[in-house]
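Notes follow the structure.
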Amino acid sequence: MDPDKKKLYRLPWSINESPIGWLEVTDICNISCKGCYRSGRTGHKPLQQLKEEILFLKKWRNCNSISLAGGEAILHPSIIGLISFIKDNGMKSILITNGCGLNEEKLAEMKSSGLTGVSFHIDSTQERPEFEGMENVSSERLNEVRLRYAHMVDRVGELTTNFGITADDNNFENIPEFVQWAANNSRVINSITFITYRGLPVGNGLEYFANGKKVDLKPGSLGYTISADEKEKISITSKDIYKTLKKHFPEYDANSYLGGTVDHTSFKWLLGNIILNSRSKMFGSYGKKSMEIVQTFYHLLFGTYIVHLRKRKIGKKVFILALFDKPARKALRKFIGYILVNPMRLFYKINILNIGIVQAPDLLPDGSIDMCESCPDMCVYEGKLVQSCRLDEVIQYGSLLRVVKKSLP
Ligand code: SF4
Numbered sequence: 017m018d019p020d021k022k023k024l025y026r027l028p029w030s031i032n033e034s035p036i037g038w039l040e041v042t043d044i045c046n047i048s049c050k051g052c053y054r055s056g057r058t059g060h061k062p063l064q065q066l067k068e069e070i071l072f073l074k075k076w077r078n079c080n081s082i083s084l085a086g087g088e089a090i091l092h093p094s095i096i097g098l099i100s101f102i103k104d105n106g107m108k109s110i111l112i113t114n115g116c117g118l119n120e121e122k123l124a125e126m127k128s129s130g131l132t133g134v135s136f137h138i139d140s141t142q143e144r145p146e147f148e149g150m151e152n153v154s155s156e157r158l159n160e161v162r163l164r165y166a167h168m169v170d171r172v173g174e175l176t177t178n179f180g181i182t183a184d185d186n187n188f189e190n191i192p193e194f195v196q197w198a199a200n201n202s203r204v205i206n207s208i209t210f211i212t213y214r215g216l217p218v219g220n221g222l223e224y225f226a227n228g229k230k231v232d233l234k235p236g237s238l239g240y241t242i243s244a245d246e247k248e249k250i251s252i253t254s255k256d257i258y259k260t261l262k263k264h265f266p267e268y269d270a271n272s273y274l275g276g277t278v279d280h281t282s283f284k285w286l287l288g289n290i291i292l293n294s295r296s297k298m299f300g301s302y303g304k305k306s307m308e309i310v311q312t313f314y315h316l317l318f319g320t321y322i323v324h325l326r327k328r329k330i331g332k333k334v335f336i337l338a339l340f341d342k343p344a345r346k347a348l349r350k351f352i353g354y355i356l357v358n359p360m361r362l363f364y365k366i367n368i369l370n371i372g373i374v375q376a377p378d379l380l381p382d383g384s385i386d387m388c389e390s391c392p393d394m395c396v397y398e399g400k401l402v403q404s405c406r407l408d409e410v411i412q413y414g415s416l417l418r419v420v421k422k423s424l425p
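Laid out in structure tokens, this is it:
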């Protein structure tokens, strides 16, 4: 069954109120990923420019945290200074990294400068030193590498750990295995994110315009332009991922969403969770009321919305949410039944595995592009906010592309 908007909280974020600020510190990377749309155009951004972008995001987006993205953010020579600058400006910082080149010492230095969490992207489409000589990287090998990084973050301590993967028709079947792996390691993994594979099919009776001028767009003109016959690659949606999660993990559910800018039925961001214990026993999830209370009270108390928590052991306190949240009450009932069978189970630790699903922009049949409402990952480019997933269009053609069906007047 598709997620039901009535049972979900519509996140109150907007263009001027977003908990996340997206900062691309460099476009240099130390590995190569298939389909990467940002590599080696301009190099490291100067520190002064980055500071100005951080202040711009704080002023115009009222951010609670800054995602340090790239390229590979740890390659930037001033990364430590940037993390301190973000902290001095009262925001959290999340490092988005492939992990290559990251070690405990560097991570500890980042933590003492104010880093809040690390989000890893490790998948089989990457040419990583760990996969050298391997023709096909198995999901076991992938999870082994991921776990090594999760343990590294855990040893440094007090940082949150997220793993993001790109979901497409090649790895869709591995999603339940990935979630189970994350659940089995929920002591050291706080969240996982699925981002559907992104591609803009070209040809197919469509024309492209930038700043009113026609653009000769071909597969490969941008990192994400693909030919119309490759459309299968982008067939996976957030609803497909939600359905597969519900089928394999009935205790999982989503609690909040961001819709599309065009299609009222789309779920561009779908946030959910599983409450489970250290033995991977799942009890349920917390629902829309909890998310609404968190967003509303956090904003009242601290003046911003929130998406990234600092590392804290919430543990059994999560069941307090049962006072006002139906799904949390259901999880609590299941937990009580579980400990009544064996009271020693009360001493197993309770963890929460947060699960985010992001659906990349979709090209609709009439040529319009359905984006994420209020795009939380907007970055700054030449004094303007631009959806980071489409920044290359602006860099290359001077504006976002408009797509027109040839048959339209
Ligand atoms: S519009 Fe693009 S950059 Fe913005 S949140 Fe959606 S996928 Fe990310």
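Residue numbers for the sequence shown follow this note's numbering, beginning at 17 and rising by one. The beta-carbon is built from N, C-alpha and C at its ideal position, and this holds for glycine as well.
Check your understanding: With distances taken between CB atoms, is the gap from Asn46 to Leu91 smaller than 8 angstroms?
Key -> As a working mapping, residue 46 is identified with position 30 in the sequence shown. As a working mapping, residue 91 is identified with position 75 in the sequence shown. Yes, the Cβ-Cβ distance between Asn46 and Leu91 is below 8 angstroms.
Check your understanding: So, is Ile250 buried or exposed, given that buried needs 16 or more other C-beta atoms within 10 angstroms?
Key -> As a first step, residue 250 is located in the sequence shown; it is residue number 234 there, counting from the start. Counting the other CB atoms within 10 Å of its CB gives Ile250 a total of 16 or more, which places it among the buried residues.
Review point. DSSP three-state call for Ser207: helix, strand or coil?
Key: The residue labelled residue 207 in the question sits at position 191 within the sequence shown. Under the three-state reduction of DSSP output, Ser207 falls in the strand class.
Practice item. Tell me whether Leu424 sits in a helix, a strand or coil according to DSSP, three-state version. Key: Counted from its first residue, the sequence shown places residue 424 at position 408. Annotation note: pLDDT 49 at Leu424 (below 50); position unreliable, coordinate value reported separately. Leu424 sits in coil when the DSSP states are folded into three classes, being neither helix nor strand.
Review point. Can you tell me where the beta strand (DSSP E) with Leu222 in it begins and where it stops?
Key: Along the sequence shown, one-based indexing puts residue 222 at 206. 222-226 is the extent of the beta strand (DSSP E) around Leu222.
Practice item. Under 6 angstroms Cβ to Cβ from Asp382, same chain only, skipping five residues before and after it: list those, please. Key: Position 366 of the sequence shown, counting from 1, holds the residue named residue 382. Taking Asp382 as the centre and dropping the five residues before and after it, the same chain places no C-beta closer than 6 angstroms to its C-beta.
Review point. Smallest Cα separation from Asn220: which of Phe194, Arg328, Lys247, Phe210?
Key: Within the sequence shown, residue 220 is the residue found at index 204, counting from 1. Residue Lys247 is the option with its Cα nearest to Asn220.
**Study point:** Burial state of Ala199, where buried means 16 or more other Cβ atoms lie within 10 Å
**Key:** Indexing the sequence shown from 1 puts residue 199 at position 183. Note on Ala199: 16 or more other CB atoms within 10 angstroms of its CB, so buried under the neighbour-count rule.
Review point. Around the C-beta of Ile211, are 16 or more other C-beta atoms found within 10 angstroms, so that it is buried, or is it exposed?
Key: Against the sequence shown, residue 211 aligns to sequence position 195. Counting Cβ neighbours within 10 Å, Ile211 comes out buried, since at least 16 surround it.
Exercise for review: Just jot down, in chain order, the residues whose CB lies closer than 6 angstroms to any heavy atom of the ligand SF4.
Suggested key: Selection around the ligand SF4 by beta-carbon proximity, strictly under 6 angstroms to any non-hydrogen atom, yields Lys284, Val374, Ala376, Pro377, Met387, Cys388, Cys391, Pro392, Asp393, Gln403, Ser404, Cys405 in chain order.
Practice item. With DSSP collapsed to three states, give me the class of Lys61. Key: Along the sequence shown, one-based indexing puts residue 61 at 45. If DSSP states are grouped into helix, strand and coil, Lys61 belongs with coil.
Review point. Relative to the alpha-carbon of Trp285, which residue among Cys79, Asp386, Ile110 has its alpha-carbon at the smallest distance?
Key: Here residue 285 is taken as the residue at index 269 of the sequence shown, counted from 1. Checked all of Cys79, Asp386, Ile110; the closest Cα to Trp285 is Asp386.
Check your understanding: Just the Cα atoms here: how many angstroms apart are Leu123 and Phe351?
Key -> Here residue 123 is taken as the residue at index 107 of the sequence shown, counted from 1. Here residue 351 is taken as the residue at index 335 of the sequence shown, counted from 1. The straight-line gap from Cα to Cα measures roughly 36 angstroms.
Check your understanding: Does DSSP put Gln403 in a helix, a strand or coil?
Key -> Position 387 of the sequence shown holds residue 403. In this structure, Gln403 counts as strand in the three-state DSSP scheme.
Point to revise | Cβ-based burial, Gly87 [other Cβ within 10 Å; buried from 16] | key: Your numbering for residue 87 matches position 71 in the sequence shown. Burial call: buried.
Point to revise | Residue range of the unbroken beta strand (DSSP E) whose run includes His137 | key: Taking the first residue of the sequence shown as position 1, residue 137 is located at position 121. Run containing His137: 133-137, per the beta strand (DSSP E) assignment.
Point to revise | Neighbour-count burial assignment, Phe335, 16 or more Cβ in a 10 Å radius | key: The residue given as residue 335 occupies position 319 in the sequence shown. Buried, because 16 or more other Cβ atoms sit within 10 Å of the Cβ of Phe335.
Review point. By the 10 Å Cβ neighbour count, where 16 or more other Cβ atoms means buried, how is Pro377 classified, buried or exposed?
Key: Numbered from its first residue, the sequence shown carries residue 377 at position 361. By the neighbour-count criterion, in which 16 or more other beta carbons inside 10 Å mark a residue as buried, Pro377 falls on the buried side.
Exercise for review: Report, in whole angstroms, the separation of the C-beta atoms of Val218 and Lys234, which I expect to be a contact under 8 angstroms.
Suggested key: As a working note, residue 218 is residue 202 in the sequence shown. As a working note, residue 234 is residue 218 in the sequence shown. Contact holds; Cβ gap of about 6 angstroms.
Exercise for review: Assess, as a yes-or-no matter, whether the stretch 171-178 is touched by the stretch 141-154 under the definition of 3 or more beta carbon pairs within less than 8 angstroms.
Suggested key: These segments do not touch.
**Study point:** Residues near Asn190 in its chain [Cβ-Cβ closer than 7 angstroms; skip 5 each side]
**Key:** Stepping through the sequence shown from its first residue, residue 190 is reached at position 174. Excluding residues up to 5 positions away in sequence, Ser155 lie with their Cβ nearer than 7 angstroms to the Cβ of Asn190 in the same chain.
Review point. With 16 as the cutoff for other CB atoms within 10 Å, does Thr320 come out buried or exposed?
Key: For the purposes of this step, residue 320 is identified with residue 304 of the sequence shown, where counting begins at 1. Buried, by the Cβ-count rule.
Exercise for review: Could you check how far apart the C-beta atoms of Tyr268 and Ser301 are, in whole angstroms? I think they sit under 8 angstroms.
Suggested key: Along the sequence shown, read from residue 1 onward, the residue named residue 268 stands at position 252. Along the sequence shown, read from residue 1 onward, the residue named residue 301 stands at position 285. Yes, Tyr268 and Ser301 are in contact; Cβ-Cβ is about 6 angstroms, under 8 angstroms.
Review point. Taking the beta strand (DSSP E) that Asp269 falls in, what are its first and last residues?
Key: The count along the sequence shown starts at 1 and reaches residue 269 at position 253. Element bounds for Asp269: 269-274.
Exercise for review: For Ile336, decide whether its Cβ has a neighbour in chain B, counting only Cβ atoms nearer than 8 angstroms.
Suggested key: Going by chain labels, chain B is absent from the structure shown, which holds only one protein chain.
Review point. In terms of residue numbering, what span does the alpha helix (DSSP H) encompassing Gly353 cover?
Key: By 1-based counting over the sequence shown, the position of residue 353 is 337. Boundaries of the alpha helix (DSSP H) around Gly353: 342-357.
Review point. Counting pairs of beta carbons, one from the stretch 347-363 and one from the stretch 314-329, are three or more of them closer than 8 angstroms?
Key: Short answer: they don't touch.
Point to revise | Segment limits, beta strand (DSSP E) that includes Asn367 | key: Here residue 367 corresponds to residue number 351 of the sequence shown, with the count starting at 1. 366-374 is the span of the beta strand (DSSP E), which, as asked, contains Asn367.
Check your understanding: Within 10 angstroms of its Cβ, does Thr11 collect 16 or more other Cβ (buried), or is it exposed?
Key -> With the chain covering only 17 through 425, there is no way to say anything about residue 11.
Point to revise | Beta-carbon proximity list for Val410, same chain, < 7 angstroms, skipping 5 on both sides | key: For the purposes of this step, residue 410 is taken as residue 394 along the sequence shown, with counting starting at 1. Its chain contains Tyr397, Val402, Leu416 as the residues whose beta carbon lies nearer than 7 angstroms to that of Val410, once the 5 sequence neighbours on both sides are disregarded; these appear in chain order.
Point to revise | CB of Asp139 within 8 angstroms of CB of Ile181, strictly | key: Looking up residue 139 in the sequence shown gives position 123. Looking up residue 181 in the sequence shown gives position 165. For Asp139 and Ile181, yes; Cβs fall inside 8 angstroms.
Exercise for review: Give the DSSP bridge partners of Asp418, in chain order.
Suggested key: Here residue 418 refers to the residue found at position 402 of the sequence shown. In the sequence under discussion, the amino acid at residue 418 is Arg, which differs from the Asp named in the question. For Arg418, which the question treats as bridged, DSSP gives the partners Phe225.
Check your understanding: Less than 8 angstroms separating the beta-carbons of Gly303 and Lys342?
Key -> On the sequence shown, residue 303 is found 287 positions in, with the first residue counted as 1. On the sequence shown, residue 342 is found 326 positions in, with the first residue counted as 1. Taking 8 angstroms as the cut-off, the Cβ atoms of Gly303 and Lys342 count as close.
Point to revise | Per-residue burial, Gln375 [other beta carbons within 10 Å of its own, 16 or more giving buried] | key: Here residue 375 refers to the residue found at position 359 of the sequence shown. That one is buried.
Exercise for review: Quick one: give me the first and last residue of the beta strand (DSSP E) that Lys108 is part of.
Suggested key: Taking the first residue of the sequence shown as 1, we reach residue 108 at position 92. Start and end: 108-113.
Check your understanding: In the structure shown, what three-state DSSP assignment does Val153 receive?
Key -> Indexing the sequence shown from 1 puts residue 153 at position 137. In the structure shown, Val153 sits in coil (DSSP, three-state: anything other than H, G, I, E or B).
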